[in-house]
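Asks: Residue numbers (the numbering used here): -16 to 726.
Right, here's the structure in full:
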């Protein structure tokens, strides 16, 4: 019997070129979603990218590209480095916009002077017409081309508004220049609006120029991350060094790293040693010693030594590539509020055109002698002032800058939703091991009953523990290694399951293990060591015993030490009004000691992984917005259930996959920073939306001429164009203020 294999949809991301406003993004998104084989799609105007969830069997990427090209835009799908190609296209586009803006301004300036100050200049209208034509139909031709492409598909965007307003103003002015007698015979003056048309194009081009410049500044975090990887590497092939591009490195290649060089891919050291600056991953400024079998990561910087390592994760599989991908996907993701803004932007342009027509008809009916002139002037002004650019940029620019700011502080944010939700968190759950604590057991104390022949006893203990398979043995080995203790050889060695180890040296048997091992061999423990043991256990230390055949020689206290910054982080969170809970699978005594040390009032011990998720649900049922912080596979279920999930970057891959935020550093003080970042980003989004909406709420009625009946005020289309450009720039500038915000 054959089993039907279901194709799992895959998600593809593409750089997009040619977008000029939020409505462009809506047009591309709707076209992608309606394409064959596309299950879902999204477009981000601010970072000029699109994604599509597609069925590979049905969807041809070239067909998708043709669909987008047909409405006046393009997807980059077949480039070796699509982001670099997009950057080159953007740079070229920026230069073109810059040139068009400069020349449009040069041509528009004399038109503005004639229209505002030298209205009676001989042949003034003819000069203005000649100078305005290239401004509209050459330097501003893209507005008309894009508007036509949109119209062919029954769509409208900002270019539609600009083309309609300037085109109507120019055609009306040309008619009045060629046939002024049409109005003069009716006792009216033949007004022209060349200055309005020319200056609107110049102002909007200037706004686009500033917008392009500002948008490029919001993605500096990704560019910095990409710059961490070298372009070429040296590999060893048959004992011969060979330099190749980093893109050609494959798993198993042996790579040489010299002093001062960046590590190109992830791998394991096979010879040599060196100190490596891993601050881009850990946030810790102190270089880390790397020797045989130690892992090294792409983007980290080698210090003074030289070594060879075997490539294990290359290309898109490296830690650095995962970090870049997370930042890119997050910057391209939409906050819930953005989805609402997209809907508004999608219907905004048709509504504005409707308002412009209504304004025109109203003035025709009530405008008196100059009804047509006023009707044309006000409807053109409505079309100009209502551009939805500021509205479209309000949310994505703030999200992009916020996510970039997070990356600079070792906080990787996977999607915009978690950034928008973070400030609402009022309950936070911390896993104990590896989150509050270091996650690596260390010897906290070593008490010796016998002081003579101490070095020999240390050698015996060191050699027994180095052969032991118990996870706590490594802590003892590391402690004695730091004391420069050397190893010895035994006559015999035996591992005793669930108890410890036994060895024979110079005719004497020695034991290392738990209390049961001591009791089973009737080994005595002195009162002084017994007191020490009780004291260690009250502090939640695990105690192991080292003895000969008759008595305990030493007791060793081992604990998973609490991170230095954990207590400070818990205090900061509680001061923010957040209830902090600790969940652990460890015993009650250890949990109580750790909770007491860091100042956590609510904790639960001996909790199973599924019970962690149940506890998250319990808090959510009480109306809490819950954040979960964990580092292991056992935390993944609870992380998935939480409203905001935060993974420790040194934890398991699955925890980082599930979590919506990842802390690259092990410092818990990054959590208050992440929640503060959320608060500041949401505040910036609200400010941006307020200014975008209030601008249109005030601007459109003014443009329609509501004040004319009271004080004779009519808004000039030129001023409307300048205000429109300024609104977009002010929104982006407000978002960029986040870069300097203190977390």
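Yeah, the Cβ is synthetic: ideal placement off N, Cα and C, and Gly gets one too.
Does residue 482 come out as helix, strand or coil in the three-state DSSP assignment?
Replies: Counted from its first residue, the chain shown places residue 482 at position 499. Residue state, collapsed to three classes: coil.
Asks: Report the rounded CA-to-CA distance for residue 642 versus residue 86, giving the unit in angstroms.
Replies: As a first step, residue 642 must be located in the chain shown, where it is residue number 659. As a first step, residue 86 must be located in the chain shown, where it is residue number 103. So the alpha carbons of these two residues sit roughly 50 angstroms apart.
Asks: Per DSSP, residue -1 forms a beta bridge with which residues?
Replies: Residue mapping note: residue -1 aligns to position 16 of the chain shown, counting from 1. Bridge partners of residue -1: 58.
Asks: Considering only the alpha carbon of each residue, which of 687, 692, 662 lies closest to residue 721?
Replies: What you label residue 721 is simply residue 738 of the chain shown in a count that begins at 1. Residue 721 has its Cα closest to that of 662, out of 687, 692, 662.
Asks: Starting from residue 652, follow the alpha helix (DSSP H) in both directions and report where the run begins and ends.
Replies: Your numbering for residue 652 matches position 669 in the chain shown. Taken as a continuous stretch (DSSP letters only), residue 652 belongs to no alpha helix (DSSP H), as it is neither H nor E.
Asks: Taking all protein chains shown into account, do 16 or more other C-beta atoms lie within 10 angstroms of the C-beta of residue 693, making it buried, or fewer, making it exposed?
Replies: Along the chain shown, one-based indexing puts residue 693 at 710. Exposed: under 16 other Cβ atoms inside 10 Å.
Asks: Would the stretch 676 to 689 and the stretch 436 to 444 be scored as touching if the rule is three or more Cβ pairs under 8 angstroms?
Replies: As far as the Cβ criterion goes, the stretch 676 to 689 does not touch the stretch 436 to 444, which means the pair count is below three.
Asks: How about residue 561 and residue 411: are their beta carbons less than 8 angstroms apart?
Replies: For the purposes of this step, residue 561 is taken as the residue at position 578 of the chain shown. For the purposes of this step, residue 411 is taken as the residue at position 428 of the chain shown. Contact: yes.
Asks: Exposed or buried, residue 121, counting other C-beta atoms within 10 Å across all chains shown (16 or more means buried)?
Replies: As a position in the chain shown, residue 121 is number 138, starting the count at 1. By the 10 Å Cβ count, residue 121 comes out exposed.
Asks: Grab me the residues of residue 12's own chain with a C-beta within less than 8 angstroms of its C-beta, minus the 5 sequence neighbours each way, in chain order.
Replies: In the chain shown, the residue the question calls residue 12 occupies position 29. Hits under 8 angstroms: 24, 25, 26, 33, 325.
Asks: Distance, Cα to Cα, residue 553 vs residue 612?
Replies: Indexing the chain shown from 1 puts residue 553 at position 570. Indexing the chain shown from 1 puts residue 612 at position 629. Looking at the two C-alpha atoms, the distance is approximately 12 angstroms.
Asks: Three or more C-beta pairs under 8 angstroms: does that hold for the stretch 417 to 430 against the stretch 584 to 591?
Replies: Flag = no, the stretch 417 to 430 and the stretch 584 to 591 do not touch.
Asks: Decide if residue 564 is buried, meaning its Cβ has at least 16 other Cβ atoms within 10 Å, or exposed.
Replies: To locate residue 564, count along the chain shown from 1; it is residue 581. Buried, because 16 or more other Cβ atoms sit within 10 Å of the Cβ of residue 564.
Asks: Would residue 649 and residue 551 qualify as a contact pair, given that the criterion is a beta-carbon distance under 8 angstroms?
Replies: Taking the chain shown and counting its residues from 1, one reaches residue 649 at position 666. Taking the chain shown and counting its residues from 1, one reaches residue 551 at position 568. Not a contact, by the Cβ cut-off of 8 angstroms.
Asks: Around the C-beta of residue 290, are 16 or more other C-beta atoms found within 10 angstroms, so that it is buried, or is it exposed?
Replies: Start at 1 with the first residue of the chain shown, and residue 290 comes out as number 307. By the neighbour-count rule (16 or more Cβ atoms within 10 Å), residue 290 is buried.
Asks: With a cut-off of 8 angstroms, do at least 3 Cβ pairs link the stretch 109 to 118 to the stretch 177 to 191?
Replies: Flag = yes, the stretch 109 to 118 and the stretch 177 to 191 touch.
Asks: Could you compute how far the alpha carbon of residue 517 sits from the alpha carbon of residue 558?
Replies: In the chain shown, counting from the first residue as 1, residue 517 sits at position 534. In the chain shown, counting from the first residue as 1, residue 558 sits at position 575. Answer to the nearest angstrom: the Cα atoms are 35 angstroms apart.
Asks: Is the distance from the Cβ of residue 299 to the Cβ of residue 274 below 8 angstroms?
Replies: Position 316 of the chain shown, counted from the start, is the residue given in the question as residue 299. Position 291 of the chain shown, counted from the start, is the residue given in the question as residue 274. For residue 299 and residue 274, no; Cβs fall outside 8 angstroms.
Asks: On the three-state DSSP scale, how would you describe residue 93?
Replies: For the purposes of this step, residue 93 is taken as the residue at position 110 of the chain shown. Of the three classes helix, strand and coil, the one that applies to residue 93 here is helix, per DSSP.
Asks: Could you give the distance in angstroms between the alpha-carbon of residue 501 and the alpha-carbon of residue 528?
Replies: To locate residue 501, count along the chain shown from 1; it is residue 518. To locate residue 528, count along the chain shown from 1; it is residue 545. The alpha-carbon atoms of residue 501 and residue 528 are separated by roughly 8 angstroms.
Asks: Could you check if residue 128 is buried or exposed, using at least 16 other CB atoms within 10 Å of its CB as the buried criterion?
Replies: For the purposes of this step, residue 128 is taken as the residue at position 145 of the chain shown. Per the 10 Å Cβ criterion, exposed.
Asks: Opposite residue 512 in the DSSP bridges: which residues?
Replies: As a position in the chain shown, residue 512 is number 529, starting the count at 1. In the DSSP output, where bridge partners are listed per residue, residue 512 has none listed.
Asks: Where does residue 289 sit, in a helix, a strand or coil, going by DSSP?
Replies: Taking the chain shown and counting its residues from 1, one reaches residue 289 at position 306. Residue 289: coil per DSSP, three-state reduction.
Asks: So, helix, strand or coil for residue 27, using DSSP?
Replies: The residue labelled residue 27 in the question sits at position 44 within the chain shown. In the structure shown, residue 27 sits in a strand (DSSP, three-state: E or B).
Asks: Name the one or two DSSP bridge partners that residue 759 has.
Replies: Past the edges of the chain, shown from -16 to 726, lies residue 759, and the structure says nothing about it.
Asks: Quick check: the Cα distance between residue 483 and residue 446, rounded to an integer number of angstroms?
Replies: The sequence position of residue 483 within the chain shown is 500, counting from 1. The sequence position of residue 446 within the chain shown is 463, counting from 1. One C-alpha to the other measures close to 14 angstroms.
Asks: Return the residue from the list 645, 402, 233 that minimises the CA-CA distance to residue 305.
Replies: Reading the chain shown from its first residue, position 322 is the one you call residue 305. Nearest C-alpha to residue 305: 645.
Asks: Just grab the DSSP bridge partners of residue 492 for me.
Replies: Along the chain shown, read from residue 1 onward, the residue named residue 492 stands at position 509. For residue 492, which the question treats as bridged, DSSP gives the partners 487.
Asks: Where does the unbroken beta strand (DSSP E) through residue 465 begin, and where does it stop?
Replies: Counted from its first residue, the chain shown places residue 465 at position 482. Note, residue 465: premise wrong, no beta strand (DSSP E); alpha helix (DSSP H) at 456 to 465.
Asks: Indicate the three-state DSSP secondary structure (helix, strand or coil) for residue 296 in the structure shown.
Replies: Reading the chain shown from its first residue, position 313 is the one you call residue 296. Residue 296 falls in the strand class under three-state DSSP.
Asks: Using the C-alpha atoms, what's the distance from residue 223 back to residue 214?
Replies: Here the question's residue 214 lines up with position 231 in the chain shown. Here the question's residue 223 lines up with position 240 in the chain shown. Going from the Cα of residue 214 to the Cα of residue 223 covers about 20 angstroms.
Asks: Tell whether a beta-carbon distance below 8 angstroms holds between residue 294 and residue 236.
Replies: On the chain shown, position 311 is the one that residue 294 refers to. On the chain shown, position 253 is the one that residue 236 refers to. Yes, these two residues count as a Cβ contact at 8 angstroms.
Asks: Run through the stretch 549 to 611 for me and flag every whole alpha helix (DSSP H) of 4 or more residues, listed as ranges in chain order.
Replies: You should have 549 to 558, 571 to 581, 592 to 604.
Asks: Please list, in chain order, all residues of the same chain as residue 632 whose beta carbon is under 6 angstroms from its beta carbon, the five residues on each side excluded.
Replies: By one-based count along the chain shown, residue 632 stands at place 649. Counting only Cβ-Cβ distances below 6 angstroms, and skipping sequence neighbours, we find 645, 646, 647.
Asks: Indicate the three-state DSSP secondary structure (helix, strand or coil) for residue 395 in the structure shown.
Replies: As a first step, residue 395 is located in the chain shown; it is residue number 412 there, counting from the start. Three-state result, residue 395: strand.
Asks: Is it buried or exposed for residue 491, if we count other Cβ within 10 angstroms and need 16 for buried?
Replies: Along the chain shown, read from residue 1 onward, the residue named residue 491 stands at position 508. Exposed: under 16 other Cβ atoms inside 10 Å.
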